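Visitor: A single structure is presented below for examination.
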Amino acid sequence: MSNNKFKILVIEDEINICNLLDTILTTNGYQVIIAGTCKDGITMMLSNVPDLVILDLGLPDRDGLEFIREIRQSDVTPILVLSARNNEKDKVKALDLGANDYVTKPFGNAELLARVRAALRNRRTTEVEGVGEGMFTLHDMTIDYARRMVTVGEEEIKLTRTEYNILEILSQNPGKVLTYAAIIRKIWGPTDDGGIKKLQVNLANIRKKLGSKPGDNKYIINELGVGYRISEEN
Ligand code: CA
């Protein structure tokens, strides 16, 4: 299937990375436009209306985090962050500001393309929100939102209220890493102490009930030190 209806804006100042991204994405049928600074990125964002932004955080004029902060005031276009360092703090900040996902440099082609597909899928789900039939399926798992019911194969999975709510939030954000803080805020409110421990315990229970083995990424992927995401590939 051709991807060329999708336009991807790459905001990156390193020419080698720009060329690499251009090659990978163009070869796979995406349309690529490139900005070398945050300022040009914002201009091209408005004039070209891309379907996805791939954003380097270390830009010559401004911090990429500022791009996210500015764009997210009025725009929901998926943003995939390129992070040079394995810097959890920057990733968490980017995600909390509204980035959808991140890829750490150096990245593999397959990984990058998988993240791009997932982010674009997320965009489509966001657009049709509310008109779906209220079901989410991933592998053999189904979530029926109206009945708050989760099944794996034929078997109904008994989740606690909190466990269900966490799974529902993750499933409604495919292709997006939700940071620990973002999930905790949604489940227990902004002032909760010790939320991360509670979240980890709940996540472990959800995975166990779904039949996931430790370290198994079938339904939920643990992004160590950052947060959780629902698995992308059906
Ligand atoms: Ca850079």
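So the working numbering is basically just the index in the sequence shown, starting at one, shifted up by 538.
Just so it is clear, CB atoms sit at the ideal spot from N, CA and C, and this is done for glycine as well.
Computed from a prediction, not measured in an experiment: that's the story for all the values here.
Residue 558 by DSSP, collapsed to three states: which one?
Guide: helix
Visitor: Of the residues 657, 650, 710, 659, which one's Cα is nearest the Cα of residue 682?
Guide: Ranking 657, 650, 710, 659 by Cα distance to residue 682 puts 710 first.
Visitor: For residue 551, is the beta carbon positioned less than 7 Å from some heavy atom of ligand 1?
Guide: For ligand 1, at least one heavy atom lies less than 7 Å from the Cβ of residue 551.
Visitor: Could you name each continuous beta strand (DSSP E) segment of 3 residues or more that falls completely within the segment 563-641, going from the start of the chain to the end?
Guide: 569-573, 590-594, 617-621, all fully within the segment 563-641.
Visitor: Since residue 706 is in the alpha helix (DSSP H), which residue starts that stretch and which ends it?
Guide: 699-709
Visitor: Label residue 744 either buried or exposed according to how many other C-beta atoms from any shown protein chain fall within 10 Å of its C-beta, with 16 as the threshold for buried.
Guide: buried
Visitor: Return yes when at least one heavy atom of ligand 1 lies under 7 Å from the C-beta of residue 596, else no.
Guide: yes
Visitor: Inspect the beta-carbon positions of residue 766 and residue 716 and report whether they are closer than 8 Å.
Guide: yes
Visitor: Evaluate contact between the segment 641-660 and the segment 717-724, counting only Cβ atoms and requiring at least three cross-stretch pairs below 8 Å.
Guide: no
Visitor: Could you have a look at residue 733 and say whether DSSP puts it in helix, strand or coil?
Guide: helix
Visitor: Can you round the beta-carbon distance between residue 619 and residue 593 to whole angstroms, since I take them to be within the 8 Å contact cut?
Guide: 5 Å
Visitor: Sort out for me which residues DSSP pairs residue 545 with in a bridge.
Guide: According to DSSP, residue 545 bridges with 569.
Visitor: Please report how far the alpha carbon of residue 614 lies from the alpha carbon of residue 652, in whole angstroms.
Guide: 20 Å
Visitor: Considering only residues of the segment 745-769, which uninterrupted beta strand (DSSP E) runs meet the minimum length of 3 residues and lie entirely inside it, listed in chain order?
Guide: 758-761, 765-768
Visitor: Alpha carbon to alpha carbon, how far is residue 703 from residue 595?
Guide: Their Cα atoms are separated by approximately 32 Å.
Visitor: Along the chain, where does the alpha helix (DSSP H) that runs through residue 718 open and close?
Guide: 718-726
Visitor: Measure how close the beta-carbons of residue 747 and residue 697 come, nearest whole angstrom, since I'm counting them as under 8 Å.
Guide: 6 Å
Visitor: How would you call residue 573, buried or exposed, if buried means at least 16 neighbouring beta carbons within 10 angstroms?
Guide: buried
Visitor: Spatial neighbours of residue 564 within its chain, please: C-beta separation below 6 Å, excluding the five flanking residues on both sides.
Guide: Excluding residues up to 5 positions away in sequence, 570 lie with their Cβ nearer than 6 Å to the Cβ of residue 564 in the same chain.
Visitor: For residue 545, which residues from the same chain have a beta carbon less than 7 Å from its beta carbon, with the 5 sequence-adjacent residues on both sides left out?
Guide: Setting aside the 5 residues that flank it on each side, residue 545 is surrounded in the same chain by 569, 571, 586, 588, 589, each with a C-beta closer than 7 Å to its C-beta; the list follows chain order.
Visitor: Would you say residue 626 and residue 764 are within 8 Å of each other, going by their C-beta atoms?
Guide: yes
Visitor: So residue 603 and residue 632 are in contact, right, with Cβ under 8 Å, and what is the actual spacing, rounded?
Guide: 6 Å
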